Amino acid sequence: MAQNEPRRTRPVLLRVAAVAVLSAIWQALVLAEFWPPVVLPGPAQVWDQLLAASDSGNGQGGYAGSTVAERLGVSLRRVGLGSAYGVLVGVVLGLVMGLAPLVRAVAEPFVTFLRALPPLAYLSLLVIWFGIDEEPKVYLLVVAAFPPVAVATAAAVTGVNRQYVEAARALGAGRAGVLASVVLPASAPEILTGVRLAVGVAYSSVVAAETVNGADGIGGMVLNAQRYNQTSVVLLGLVVIGLTGLLIDTAILALQRAVSPWRGRA
Amino acid sequence: MAEPLVELAGVEHRYRARKADVPALGPLDLRVGAGEFLVVVGPSGSGKSTLLRLVSGFERPTTGVVRVLGDAPVPGRDVGAVFQQPRLFPWQAVAGNIGTALRWAGVPRRDRPERIAALLDQVGLAALGKRRTWEISGGQQQRVAIARALAARPRLLLMDEPFAALDALTRERLQEDVRSLTGEERGVVFVTHSVDEAVFLATRVVVLSDRPGRVALDLPIPLPRSGVPADELRGSADFAALRGEVAAALRAVAA
Ligand SMILES: Nc1ncnc2c1ncn2[C@@H]1O[C@H](COP(=O)(O)OP(=O)(O)OP(=O)(O)O)[C@@H](O)[C@H]1O
Ligand SMILES: [Mg+2]
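These protein sequences, in sequence, are chains A and Y.
All you need for our numbering is the position in the first sequence, starting with 1, plus 10.
All you need for our numbering is the position in the second sequence, starting with 1, plus 2.
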């Protein structure tokens with residue numbers, strides 16, 4: 011997990027500039043008309059699509075029954091629930107794995123196995139077991155989200171500097187004290203790196219989760235638009251997913267810095 | 003005689019290595035009483051850290067018995083420890099490090115702020131409680147580590163080369179503070195490589211032989227504990243004579 015260090019500073023300006031440059035290249039490609047607009051619509055068309063799909067009074071309630079914001083809300087709720095439970099399961103499992111080598115030996119292959127599966131592969135199973143309502147969608151995200159957290163937490167716990175643990179014991183800390191005041195805070199940055207990965211995985215799996223009776227979400231919108239060759243709607247969906255994903259990641263990164271300002275200093 | 007703080011009887015320690023066991027210490031008999039400031043010196047690898055780990059309860063002797071206040075030692079009970087590195091918890095501020103130690107020592111929450119202030123004051127860092135641990139110097143960090151180790155009011159304080167990483171001036175200043183840590187109730191066992199430091203701090207110096215360490219010299223240091231300025235003490239003829247004696251013993255075991 012160590013290679014996933016948060017960078018010291020990533021100036022907002024740089025990010026905005028990068029987006030602007032990419033959009034400009036995109037627009038230039040469209041203007042050059044290498045491909046017909048149906049294949050590659052420009053940023054302007056996607057923007058128009060955003061406005062249209064956000065207008066609940068446009069006769070189709072935005073796009074196919076819901077506005078972009080409503081769809082985003084539905085999908086974010088799924089991602090939020092799936093990640094929250096996934097993180098909970100992952101942290102608990104990771105702690106147990108990190109503290110009990112036997113549990114780790116048993117659980118690790120299982121977790122790694124799950125991690126290797128693309129979410130679409132086990133969606134069918136979840137649908138058979140839990141039907142086509144909300145549950146299997148959230149379960150899918152839980153299953154997708156918990157392995158990276160479990161792996162990161164287990165690695166963090168086993169990697170806690172023994173000198174800190176010994177110092178704590180020399181100060182009279184019991185097992186619970188060592189766990190709460192040394193192991194957890196010492197592992198927090200790495201656990202949060204796992205959470206970052208988990209939320210990313212959950213978010214990128216939401217489109218898969220919404221392939222079955224999930225037309226109300228943002229992923230559902232993309233799938234629907236694909237059926238009717240509405241390229242600009244597909245692009246709109248991708249941009250919305252990508253941008254919100256970026257925002258969420260930035261927020262988690264900020265949380266990580268706030269929780270562990272000592273990272274890299276001690 | 004009153005019950006000693008520490009008693010080692012026939013203690014030997016071997017570490018399990020891949021092929022053969024490594025004899026690290028002993029056989030060794032040693033008693034440390036309250037009010038004593040025992041400084042242990044010896045060649046590198048002679049088992050000084052091992053001795054402290056045995057007394058703190060992190061390690062059990064291969065043979066013989068170690069007793070602290072009559073019982074087998076348990077980490078964190080009766081014994082405080084200061085290591086070569088301060089080992090402060092970076093996820094807590096300076097005051098928080100001491101507060102956690104007080105919590106582990108069973109001090110009720112409402113009494114902690116006062117005790118934190120008193121401990122910080124004792125090590126001369128009253129103003130630095132809010133600092134992060136990396137925002138203070140190495141010498142200040144080691145002072146915090148000492149304050150933290152004193153939080154539980156341990157009967158015995160173990161210090162393993164606590165000043166080895168500090169510059170000479172900071173080191174001398176800390177020595178002057180640490181010298182007064184013994185009391186009617188408390189004893190200190192301090193490990194160092196510096197003969198000067200040993201003679202200045204100790205009421206008694208033990209020189210360990212080369213590995214496995216045994217007592218090669220057990221020398222009382224009858225220098226005044228108060229009333230004489232540190233510089234004057236360090237410059238005195240008595241000091242020089244004692245230093246010479248310890249240095250000679252150290253040379254003899256290293257040869
Ligand atoms: N965990 C261990 N496993 C195996 N051997 C060890 C271990 N710790 C120490 N030893 C060995 O035991 C001997 C004594 O080590 P110890 O650390 O007590 O020496 P020391 O006197 O503190 O040395 P120094 O002055 O360099 O700190 C050394 O030969 C060392 O290599
Ligand atoms: Mg040592």
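For each residue, glycine too, the CB sits at the ideal point set by N, CA and C.
Here the structure is a predicted model, which is why all the values come from computation and not from measurement.
{"Check": "Contact between the stretch 128-137 of chain A and the stretch 158-178 of chain A is defined here as three or more beta-carbon pairs at a separation below 8 Å; is this criterion met?", "Outcome": "no"}
{"Check": "Please report the straight-line C-alpha distance between G82 (chain Y) and K21 (chain Y), rounded to a whole angstrom.", "Outcome": "34 Å"}
{"Check": "Quick check: is the beta carbon of V57 (chain Y) nearer than 9 Å to any beta carbon in chain A?", "Outcome": "no"}
{"Check": "Residues with a Cβ closer than 7 Å to any heavy atom of ligand 2, in chain order?", "Outcome": "Y:K50, Y:S51, Y:D162, Y:E163, Y:V193"}
{"Check": "I'd like to confirm the pairing. Which residues does DSSP put opposite L160 (chain Y) in its beta bridges?", "Outcome": "Y:A83, Y:V191"}
{"Check": "Let me check you understand the geometry: is the CB of R117 (chain Y) closer than 8 Å to at least one non-hydrogen atom of ligand 1?", "Outcome": "no"}
{"Check": "Would Q266 (chain A) count as contacting chain Y if we go by Cβ distances under 9 Å?", "Outcome": "no"}
{"Check": "Against chain A, which members of the stretch 124-156 of chain Y pass a CB distance test of less than 8 Å?", "Outcome": "R134, T135, W136, R150, A151, A153, A154"}
{"Check": "Check whether the stretch 209-219 of chain Y and the stretch 147-161 of chain Y touch, using three or more Cβ-Cβ pairs below 8 Å as the test.", "Outcome": "no"}
{"Check": "Within 10 angstroms of its Cβ, does F91 (chain Y) collect 16 or more other Cβ (buried), or is it exposed?", "Outcome": "buried"}
{"Check": "When we look at the beta-carbon of Q13 (chain A) and count the other beta-carbons within 10 Å, is it buried (16 or more) or exposed?", "Outcome": "Summary for Q13 (chain A): the model assigns pLDDT 45, below 50, so the residue's position carries little reliability; its value from the coordinates is reported in the next sentence. Its Cβ having fewer than 16 others within 10 Å, Q13 (chain A) is exposed."}
{"Check": "Just to confirm the assignment, what range does the alpha helix (DSSP H) spanning Y95 (chain A) have?", "Outcome": "78-109"}
{"Check": "For chain Y, is any of its Cβ atoms less than 9 Å away from the one on V192 (chain A)?", "Outcome": "yes"}
{"Check": "Helix, strand or coil, according to DSSP, for R206 (chain Y) in the structure here?", "Outcome": "strand"}
{"Check": "Any heavy atom of ligand 1 within a distance shorter than 8 Å of the CB on R227 (chain Y)?", "Outcome": "no"}
{"Check": "Between the stretch 159-174 of chain A and chain Y, which residues of the former have CB atoms less than 8 Å from a CB of the latter, in chain order?", "Outcome": "Q173, Y174"}
{"Check": "Within a Cβ cutoff of 6 Å, which residues of the same chain sit near L71 (chain Y), ignoring the five residues on either side of it in sequence?", "Outcome": "D80"}
{"Check": "Report buried or exposed for F123 (chain A), applying the criterion of at least 16 other Cβ atoms within 10 angstroms of its Cβ.", "Outcome": "exposed"}
{"Check": "Assuming V216 (chain A) and R88 (chain A) form a contact by the criterion Cβ under 8 Å, report the distance between their Cβ atoms to the nearest whole angstrom.", "Outcome": "6 Å"}
{"Check": "Have a look at L86 (chain A) and G255 (chain A) and give me their C-alpha separation to the nearest angstrom.", "Outcome": "10 Å"}
{"Check": "Enumerate in chain order the residues of its own chain whose CB-to-CB distance from I118 (chain Y) is below 6 Å, with the five nearest sequence positions on each side excluded.", "Outcome": "A97, I100, G101"}
{"Check": "Relative to chain A, which residues along the stretch 29-49 of chain Y have a C-beta separation below 8 Å, given in chain order?", "Outcome": "none"}
{"Check": "At least one CB of chain Y closer than 9 Å to the CB of G204 (chain A): is that the case?", "Outcome": "no"}
{"Check": "Among the residues of its own chain, which have a CB less than 7 Å from the CB of E15 (chain A), if the five just before and after it don't count?", "Outcome": "With a pLDDT of 47 at E15 (chain A), under the threshold of 50, the modelled position of this residue cannot be trusted, and the question is left open."}
{"Check": "Drop a sphere of 10 angstroms on the beta-carbon of V148 (chain A), count the other beta-carbons inside from all chains shown, and report buried for 16 or more, exposed for fewer.", "Outcome": "buried"}
{"Check": "To the nearest angstrom, report how far apart V29 (chain A) and V249 (chain A) are at their CA atoms.", "Outcome": "11 Å"}
{"Check": "Does the Cβ of L10 (chain Y) lie closer than 8 Å to at least one heavy atom of ligand 1?", "Outcome": "no"}
{"Check": "Going by beta carbon distance, what residues of the same chain come within less than 6 Å of R173 (chain Y), once the five residues before and after it are set aside?", "Outcome": "F165"}
{"Check": "Closest Cβ-Cβ distance between R179 (chain A) and chain Y: below 9 Å?", "Outcome": "yes"}
{"Check": "With 9 Å as the threshold, decide whether the Cβ of M11 (chain A) is near any Cβ in chain Y.", "Outcome": "In this prediction, M11 (chain A) has a pLDDT of 40, which is less than 50 and means its spatial position is unreliable; what the coordinates show is noted afterwards. Taking Cβ atoms only, chain Y never reaches closer than 9 Å to M11 (chain A), which makes this a no."}
{"Check": "Chain Y partners of S270 (chain A), CB-CB under 9 Å?", "Outcome": "P92, W93"}
{"Check": "Spatial neighbours of R145 (chain Y) within its chain, please: C-beta separation below 8 Å, excluding the five flanking residues on both sides.", "Outcome": "V125, G126, L127, L176, D179"}
{"Check": "For R188 (chain Y), is the beta carbon positioned less than 8 Å from some heavy atom of ligand 1?", "Outcome": "no"}
{"Check": "May I ask you to check if the CB of L53 (chain Y) is nearer than 8 Å to at least one heavy atom of ligand 1?", "Outcome": "yes"}
{"Check": "Looking at the C-beta of F241 (chain Y), does it have a partner C-beta in chain A at a distance below 9 Å?", "Outcome": "no"}
{"Check": "Just verifying my parser: in three-state terms, what is the DSSP assignment at D240 (chain Y)?", "Outcome": "helix"}
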